[in-house]
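Numbering (the working numbering), first residue to last: 14 to 185.
What follows is the structure, given as structure tokens:
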């Protein structure tokens, strides 16, 4: 058991005080440190069912993730990663099915499919989301595949279409 009411650096500078089980930092830590992070937005394009969705443009900083060919992300280290893909689809009147698959090393891994038969009379425009949280090893790669009946992807803004990849941690 370690009991203390103060944490100091190797000098005499106080980093934090502890009182009543509450830690108060002298200099509040700013930001977060992630082991892996990447955000991208797709270009508006057409994509046939069964094809890989692309082309994506990186937005902001990327840590521990490499994008190649504008549609293939390589994860630089082993751990638990979360992939969130929200894609605005359009272009098919009365689509029967809308869906994406996140592939892992070329094989379908996580799927999200919506039976859109209830959208009769619609032009097929809507945002579709898939979230996949799973364990990966270093250098696994992921891609997003169209497994639905729509033909178009809109990259008009960050709110409608984006992919965010975040490393949550390492299993111990």
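We put the beta carbon where it would ideally sit given N, CA and C, even for glycine.
Worksheet entry | C-beta atoms of residue 166 and residue 113 nearer than 8 angstroms | If you number the chain shown from 1, residue 166 lands on position 153. If you number the chain shown from 1, residue 113 lands on position 100. Their beta carbons are not under 8 angstroms apart, which means residue 166 does not touch residue 113 by this criterion.
Worksheet item: Can you give the Cα-Cα distance for residue 64 and residue 53, rounded to whole angstroms?
Response: Taking the chain shown and counting its residues from 1, the one referred to as residue 64 is at position 51. Taking the chain shown and counting its residues from 1, the one referred to as residue 53 is at position 40. Each residue's CA atom was taken as its position, placing residue 64 and residue 53 some 19 angstroms apart.
Worksheet entry | Supposed contact pair residue 83 and residue 68 - C-beta distance, whole angstroms, cut 8 angstroms | Here the question's residue 68 lines up with position 55 in the chain shown. Here the question's residue 83 lines up with position 70 in the chain shown. Here residue 68 really is in contact with residue 83; their C-beta atoms are around 4 angstroms apart, less than 8 angstroms.
Item to complete: With a 10 Å radius around its C-beta and 16 neighbouring C-beta atoms as the bar for buried, classify residue 2 as buried or exposed.
Response: There is no way to answer for residue 2, as the model of the chain reaches only from 14 to 185.
Worksheet entry | Three-state class that DSSP yields for residue 13 in the structure shown | Here the chain has residues from 14 to 185 only, and residue 13 is not among them.
Item to complete: Per DSSP, which residues does residue 88 bridge with? Please list them.
Response: As a position in the chain shown, residue 88 is number 75, starting the count at 1. Bridge partners of residue 88: 78.
Item to complete: Look at the alpha carbon of residue 71 and the alpha carbon of residue 78, and state the distance between them as a whole number of angstroms.
Response: Translated into the one-based positions of the chain shown, residue 71 becomes position 58. Translated into the one-based positions of the chain shown, residue 78 becomes position 65. Roughly 11 angstroms between the two C-alpha positions.
Worksheet item: Helix or strand or just coil, what does DSSP make of residue 185?
Response: Residue numbering aside, residue 185 sits at position 172 when the chain shown is read from its first letter. The answer is coil: DSSP assigns residue 185 none of H, G, I, E or B.
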